[in-house]
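Q: Residue numbers (the numbering used here): 1 to 326.
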């Protein structure tokens, strides 16, 4: 099965992190968000990927190249215009080989078991299946109701509290049959949630929802960016984090990193080539590759971008520092 990865996001709400990199390349636990998505797809045997690019495409292409280093095959398509989410997928219809395929955003963090909604979609001969999850606050998402058979009966994009009728939301992960693409006009702006899915519902097509368990987060704001990494440290998501694990301290230490023996560190992830000098206290943090932290500095609940140089005797709490902060 193929997957189409939507990697064209601007990431406006993640500025200044996205001033110099597209949103899919912003690091979560010291890897680009899109790398976590690629690894998820590979876990479920989805190795043939089409990546849709728009913003700063060369940064993504130069990192992933043809995908071989990541165990996948990648074909890139640069959008000629902004055709919306569904319109962008319609634009690559000619290189989608399979009758059924996955569409997934490059800027989500999840460990949802994809085999379950895929099997559900195929067994039910669905035209389109939306992978759903439950959240406490659905206001920023499309909310969905399904009947006992999994057929979608109602949905609303980004409701107000007075409009909320469900805590079940659209994750931005879809399994589509190519028949659904016939409903999308050529070279026109067309959105999945606002246009295609309402049209499928109106035309009484087989539009299904699969409620999935597991961790899922749309990393859309700096607050969500920091929170997602604290949740990774807490073990709320199953991600492959590189480095040596020290269980008593719940820390991961990347290759060639040195933490002075006098330091008090716990519940943190350290990237590669990190230097933590004497008498530092670090808790609930992600420290990026090639960072240096000066002596007697305290950092808690924070994300420190790669290449940053933190001085001595600093006190940093619940902060997000961009790349090469000094």
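Using N, Cα and C, we set each Cβ at its ideal position, and we do this for glycine too.
What is the DSSP secondary structure of residue 17, reduced to helix, strand or coil?
A: Helix, per DSSP.
Q: Pull the bridge partners of residue 7 from the DSSP assignment, please.
A: For residue 7, which the question treats as bridged, DSSP gives the partners 53.
Q: Does DSSP put residue 278 in a helix, in a strand, or in coil?
A: DSSP places residue 278 in coil when its eight states are reduced to three.
Q: Quick one: Cα of residue 10 to Cα of residue 106, how far?
A: Cα-Cα distance, rounded: 12 Å.
Q: If we ignore side chains and look at the alpha-carbon of each, how far apart do residue 136 and residue 109 end up?
A: Going by the C-alpha atoms only, they are around 17 Å apart.
Q: With a threshold of 8 Å on Cβ separation, who are the neighbours of residue 167 within its own chain once the five nearest residues in sequence on each side are excluded?
A: These residues qualify, in order along the chain: 134, 135, 136, 138, 143.
Q: Is it the case that the Cβ atoms of residue 271 and residue 287 are separated by a distance below 8 Å?
A: Cβ distance < 8 Å, so residue 271 and residue 287 count as in contact.
Q: Between which two residues does the beta strand (DSSP E) containing residue 134 stretch?
A: Note, residue 134: beta strand (DSSP E), 128-134.
Q: In whole angstroms, what is the alpha-carbon distance linking residue 217 and residue 228?
A: Distance between the alpha carbons of residue 217 and residue 228: 7 Å.
Q: Who are the Cβ neighbours of residue 66 in its own chain at under 8 Å, not counting the five residues just before and after it?
A: Closer than 8 Å at Cβ, skipping near neighbours: 73, 74.
Q: What are the residues that DSSP puts in a beta bridge with residue 2?
A: Paired residues: 48, 101.
Q: Just the C-alpha distance for residue 92 and residue 198, rounded to the nearest angstrom, thanks.
A: C-alpha separation (whole angstroms): 22 Å.
Q: Would a C-beta distance cut-off of 8 Å place residue 256 and residue 244 closer than the cut-off?
A: In this structure, residue 244 does not lie closer than 8 Å to residue 256 by Cβ.
Q: In whole angstroms, what is the alpha-carbon distance linking residue 89 and residue 104?
A: Whole-angstrom Cα-Cα distance: 11 Å.
Q: Assuming residue 132 and residue 36 make a contact with CB atoms under 8 Å, what is their CB distance in whole Å?
A: With a Cβ gap of about 20 Å, residue 132 and residue 36 do not count as contacting.
Q: What does the Cβ neighbour count give for residue 78, buried or exposed, with the cut at 16 atoms within 10 Å?
A: Residue 78 comes out exposed.
Q: Counting C-beta neighbours from all protein chains within 10 Å, is the total for residue 314 16 or more, i.e. buried, or is it exposed?
A: By the 10 Å Cβ count, residue 314 comes out exposed.
Q: Going by other Cβ atoms of all chains shown within 10 Å of its Cβ, with 16 needed for buried, is residue 177 buried or exposed?
A: Flag for residue 177 reads buried.
Q: Going by DSSP, name the residue or residues bridged to residue 285.
A: DSSP, once it has assigned bridges, lists 268 as partnering residue 285.
Q: So residue 46 and residue 102 are in contact, right, with Cβ under 8 Å, and what is the actual spacing, rounded?
A: Indeed they touch by this definition, with Cβ atoms about 6 Å apart.
Q: Report the CB separation of residue 280 from residue 300 in whole angstroms; it is logged as a contact under 8 Å.
A: Contact doesn't hold; Cβ gap of about 11 Å is too wide.
Q: Any contact of the region 23-40 with the region 48-61, i.e. 3+ C-beta pairs under 8 Å?
A: Short answer: they touch.
Q: Determine the DSSP secondary structure at residue 116, reduced to helix, strand or coil.
A: Residue 116 falls in the helix class under three-state DSSP.
Q: If residue 239 and residue 29 are in contact, beta carbons under 8 Å, what's the gap, nearest whole angstrom?
A: At roughly 6 Å, the Cβ-Cβ gap stays under 8 Å, so residue 239 and residue 29 are in contact.
Q: Is it buried or exposed, residue 185, if we count other Cβ atoms within 10 angstroms and call 16 or more buried?
A: Burial call: exposed.
Q: Within this structure, are the beta carbons of residue 208 and residue 152 separated by less than 8 Å?
A: For residue 208 and residue 152, yes; Cβs fall inside 8 Å.
Q: Looking at C-alpha atoms only, which residue of 182, 266, 169 is the closest neighbour of residue 213?
A: For residue 213, the nearest C-alpha among the options comes from 169.
Q: Let's see if you can read the secondary structure: which residues bound the alpha helix (DSSP H) around residue 233?
A: That run of the alpha helix (DSSP H) goes 222-233.
Q: According to DSSP, residue 77 sits in a beta bridge with which residue or residues?
A: Residue 77 pairs with 52.
Q: Report the three-state DSSP secondary structure of residue 69 (helix, strand or coil).
A: Looking at residue 69 - three-state DSSP - the assignment turns out to be helix.
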